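Accompanying notes for the structure given below.
2 protein chains.
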Amino acid sequence: MTTDGVAAKRADARRNVELVLDAATTLLATDPRVSLNEIAKAAGVGRVTLYGHFPSRAALVEAVSLRVITSTDQALSTVDLAGDPRDAMARLLEATWQLTRRFGAVVIAADDVLTPEQMRRVHEGPARRMHALVQRGRDEGVFRRDMPVRWQLATIQAVLHGASAAVHRGDVTAVDATRLVRDTVLAALAVTS
Amino acid sequence: MTTDGVAAKRADARRNVELVLDAATTLLATDPRVSLNEIAKAAGVGRVTLYGHFPSRAALVEAVSLRVITSTDQALSTVDLAGDPRDAMARLLEATWQLTRRFGAVVIAADDVLTPEQMRRVHEGPARRMHALVQRGRDEGVFRRDMPVRWQLATIQAVLHGASAAVHRGDVTAVDATRLVRDTVLAALAVTS
Chain G
1 MTTDGVAAKR
11 ADARRNVELV
21 LDAATTLLAT
31 DPRVSLNEIA
41 KAAGVGRVTL
51 YGHFPSRAAL
61 VEAVSLRVIT
71 STDQALSTVD
81 LAGDPRDAMA
91 RLLEATWQLT
101 RRFGAVVIAA
111 DDVLTPEQMR
121 RVHEGPARRM
131 HALVQRGRDE
141 GVFRRDMPVR
151 WQLATIQAVL
161 HGASAAVHRG
171 DVTAVDATRL
181 VRDTVLAALA
191 VTS
Chain W
194 MTTDGVAAKR
204 ADARRNVELV
214 LDAATTLLAT
224 DPRVSLNEIA
234 KAAGVGRVTL
244 YGHFPSRAAL
254 VEAVSLRVIT
264 STDQALSTVD
274 LAGDPRDAMA
284 RLLEATWQLT
294 RRFGAVVIAA
304 DDVLTPEQMR
314 RVHEGPARRM
324 HALVQRGRDE
334 GVFRRDMPVR
344 WQLATIQAVL
354 HGASAAVHRG
364 DVTAVDATRL
374 VRDTVLAALA
384 VTS
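So the sequences go chain by chain: G and W.
When the letters of the first sequence are read in order and numbered with this note's numbering, they come out as residues 1 to 193.
When the letters of the second sequence are read in order and numbered with this note's numbering, they come out as residues 194 to 386.
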């Protein structure tokens, strides 16, 4: 094969990976249990090609999760975190919730497939930003200090995940959940008299 | 076969089911990903026998979950729910958390396998009791009423599940989590000024 031929093959492979990741992101975002065959079909690539790039469902879900988390991380980095920590938390929660709504099913698929260590890694960027804000709220005396920061971060994550599940069950609407997530987290963090 | 022979066979089958359920409850409580083969081995029954009673992992996890939920429901029914709804909530949360700690991994295994409808059914008994208490707290003016009861119940469940995950990760100890679950839920439910 010529050098050009090798380069063309590599470009093809990269394009196929992108097609598979795009299709997988879209399908996983609505159905966390979608099969690899359905993803291959939607991407317009053969099963052999898909398995060539992603030897297992777990490998594909991991790649999709990492890509979703990267774009999520970029979106969250634009949130204004200055000023009163409670207002900043409200803004960060709203942005996080919008992204959770959009990619919630990917997170559910990831939960089924990724190891706790992988889950920790994909949450690391957003978690660091949230951590810094909770810490600032504690330092400024508006968030309670009688609980470990790690617990408060776990609570925020639990409320967001619980909100996804509640919307999925039809217990609350996605729009109402924006306010409910904010009010619940702020109440859990507030200094008590 | 004689009538006695049939009766003996039935008794054998019942005993095997109990042996499998006991082994599965014990093993799933420490490792939600334990295999059917390991469960059969621990129960001292053959794989064919196990598959005869439980045609799939999901069927076994469902049976174990239903049994755990039944005994959990019985344990929770002994909790004193009279008096100040906040104190009653603290007692109910502590009992629920002790049971979550003990059977948390079974719940995680159930999460992976059961459908949302099955999960709803297995949580129904404990959920009804919690629902009645939250409602009483709202009626008596000590729990906030600017959130749907269903959201408050979802939050309580999310905090309990989040606590299991936090203990599993080593973020907090199981003993500390008792207080943290209580304080977080009571803060989330409290009427704000």
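Glycine included, every Cβ here is placed at the ideal spot set by N, Cα and C.
Note that the structure is predicted; figures quoted are calculated from it, not measured.
Limits of the alpha helix (DSSP H) - the one that residue i falls within
{"i": "Asp-139 of chain G", "result": "124 to 139"}
{"i": "Arg-208 of chain W", "result": "196 to 223"}
{"i": "Gly-52 of chain G", "result": "47 to 53"}
{"i": "Val-181 of chain G", "result": "174 to 189"}
{"i": "Ala-235 of chain W", "result": "229 to 236"}
{"i": "Arg-57 of chain G", "result": "57 to 76"}
Selection from the options that minimises the alpha carbon distance to residue i
{"i": "Ala-320 of chain W", "options": "W:Ile-301, W:Arg-331, W:Gln-345", "result": "W:Gln-345"}
{"i": "Arg-33 of chain G", "options": "G:Val-107, G:Asp-146, G:Val-167, G:Asp-139", "result": "G:Val-107"}
{"i": "His-123 of chain G", "options": "G:Ala-13, G:Asp-31, G:Ala-187, G:Gln-74", "result": "G:Gln-74"}
{"i": "Val-191 of chain G", "options": "G:Ala-63, G:Met-147, G:Pro-55", "result": "G:Met-147"}
{"i": "Gly-330 of chain W", "options": "W:Gly-245, W:Gly-239, W:Arg-343, W:Pro-278", "result": "W:Pro-278"}
{"i": "Gln-157 of chain G", "options": "G:Ala-188, G:Arg-169, G:Asp-139", "result": "G:Ala-188"}
{"i": "Arg-372 of chain W", "options": "W:Ala-283, W:Ala-325, W:Ala-358", "result": "W:Ala-283"}
{"i": "Leu-99 of chain G", "options": "G:Ser-71, G:Leu-114, G:Leu-186", "result": "G:Ser-71"}
{"i": "Ala-236 of chain W", "options": "W:Tyr-244, W:Leu-214, W:His-246", "result": "W:Leu-214"}
{"i": "Leu-36 of chain G", "options": "G:Ser-77, G:Ala-59, G:Arg-14", "result": "G:Ala-59"}
{"i": "Ala-233 of chain W", "options": "W:Asn-209, W:Ala-200, W:Lys-202, W:Ala-288", "result": "W:Asn-209"}
{"i": "Ile-262 of chain W", "options": "W:Arg-250, W:Ala-298, W:Ala-281, W:Asp-280", "result": "W:Ala-298"}
{"i": "Val-257 of chain G", "options": "G:Val-113, G:Trp-97, G:Arg-169, G:Gly-83", "result": "The requested residue 257 of chain G is not part of the displayed model; chain G covers only 1 to 193."}
{"i": "Glu-333 of chain W", "options": "W:Pro-248, W:Gly-276, W:Glu-310", "result": "W:Gly-276"}
{"i": "Arg-67 of chain G", "options": "G:Ala-11, G:Ala-13, G:Leu-28", "result": "G:Leu-28"}
{"i": "Ala-125 of chain G", "options": "G:Leu-50, G:Ala-11, G:Thr-96", "result": "Note on residue identity: the sequence assigns Gly, not Ala, to residue 125 of chain G. Here the closest residue by C-alpha is G:Thr-96."}
{"i": "Tyr-51 of chain G", "options": "G:Ala-13, G:Thr-30, G:Ala-88", "result": "G:Ala-13"}
{"i": "Phe-296 of chain W", "options": "W:Leu-379, W:Asp-197, W:Asp-224", "result": "W:Asp-224"}
{"i": "Glu-117 of chain G", "options": "W:Arg-203, W:Arg-314, W:Arg-362", "result": "W:Arg-362"}
{"i": "Asp-369 of chain W", "options": "G:Arg-150, G:Asp-176, G:Leu-186", "result": "G:Arg-150"}
{"i": "Asp-280 of chain W", "options": "W:Phe-336, W:Arg-314, W:Thr-308", "result": "W:Phe-336"}
Interface residues of chain G facing residue i [CB-CB closer than 7 Å]
{"i": "Thr-348 of chain W", "result": "Val-159, Gly-162, Thr-184"}
{"i": "Leu-373 of chain W", "result": "Met-147, Trp-151"}
{"i": "Asp-305 of chain W", "result": "Asp-112"}
Proximal residues of chain W, C-beta to C-beta of residue i below 7 Å
{"i": "Ala-188 of chain G", "result": "Thr-377, Ala-380, Ala-381"}
{"i": "Thr-192 of chain G", "result": "Ala-380"}
{"i": "Pro-148 of chain G", "result": "Val-365"}
{"i": "Ala-43 of chain G", "result": "Going along chain W, no residue has its Cβ under 7 Å from Ala-43 of chain G, so there is no contact; the nearest lies around 27 Å."}
Residues of its chain near residue i, where Cβ-Cβ distance is below 8 Å and the 5 sequence neighbours each way are ignored
{"i": "Ala-367 of chain W", "result": "Arg-294, Val-360"}
{"i": "Met-119 of chain G", "result": "Ala-110, Asp-111"}
{"i": "Val-245 of chain G", "result": "No answer is possible for residue 245 of chain G: the residues shown for chain G start at 1 and end at 193."}
{"i": "Val-238 of chain W", "result": "Asn-209, Leu-212, Val-213"}
Partners in chain W for residue i, counting only beta-carbon separations shorter than 9 Å
{"i": "Pro-32 of chain G", "result": "Residues of chain W passing the Cβ test: none, with the nearest at roughly 11 Å."}
{"i": "Arg-169 of chain G", "result": "Pro-309, Arg-313, Arg-343, Ala-347"}
Sequence-distant residues of its chain with Cβ nearer than 7 Å to residue i (five each side left out)
{"i": "Met-323 of chain W", "result": "Leu-285, Leu-346, Ile-349"}
{"i": "Thr-377 of chain W", "result": "Val-352"}
{"i": "Ala-216 of chain W", "result": "Ile-232, Ala-235, Ala-236"}
{"i": "Glu-287 of chain W", "result": "Thr-371, Arg-375"}
{"i": "His-354 of chain W", "result": "none"}
Neighbour list for residue i in chain G, Cβ cutoff strictly below 9 Å
{"i": "Ala-358 of chain W", "result": "Pro-116, Ala-154, Gln-157, Ala-158"}
6 Å Cβ shell around residue i - same chain, five flanking residues per side excluded
{"i": "Thr-218 of chain W", "result": "Val-257"}
{"i": "His-246 of chain W", "result": "Val-210"}
{"i": "Arg-57 of chain G", "result": "Leu-36"}
Proximity test, Cβ basis, 8 Å: residue i and chain A
{"i": "Arg-260 of chain W", "result": "Among the protein chains in the structure shown, which are G and W, there is no chain A."}
*Hey, which unbroken runs of the alpha helix (DSSP H) at 4 residues or more fall wholly within the segment 140 to 171 of chain G?*
149 to 169, all fully within the segment 140 to 171 of chain G.
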